[in-house]
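Worksheet: the structure to be examined is printed underneath.
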Amino acid sequence: LFVVEKGANALQAMKDSVEVQTQESSFGEFVTGIAGVQADTKHYWALYVDGKYAEKGIGDYTLDEDLAVEWRLEEIK
165 LFVVEKGANA
175 LQAMKDSVEV
185 QTQESSFGEF
195 VTGIAGVQAD
205 TKHYWALYVD
215 GKYAEKGIGD
225 YTLDEDLAVE
235 WRLEEIK
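The numbers in the sequence shown follow the numbering used here, run straight up by one, and end at 241.
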């Protein structure tokens, strides 16, 4: 659990709080590793916001309200 200031970019706040590996794509940065745990060819880091699968990338969220951000290592289907 990390508490950050309102108005912060969610991706930057995450990078400031924990070791994060990302990769650039045409859609922006996406997370490939968290705290030394890398996604492999059969898994990816899935983002959930307030308990629901995220509709946009972590870099597109501004922490201007109380958001619960959760990452799950999920199998690629």
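We put the CB at the ideal spot given by N, CA and C, even for glycine.
On a predicted model such as this, the values are computed, not experimentally measured, just so you know.
- In this structure, G223 keeps its C-beta atom at 7 Å or more from the C-beta atom of E183.
- Looking at L227, Y217, L231, the one whose alpha-carbon comes closest to that of A172 is L227.
- In the DSSP assignment, the residues bridged to S189 are G192.
- Within its own chain, the residues whose Cβ lies closer than 7 Å to the Cβ of T186, once the five positions on either side in sequence are excluded, are E193, F194, V195, T196, listed in chain order.
- Per DSSP, A210 lies in no alpha helix (DSSP H) segment; the continuous beta strand (DSSP E) that holds it begins and ends at 207-213.
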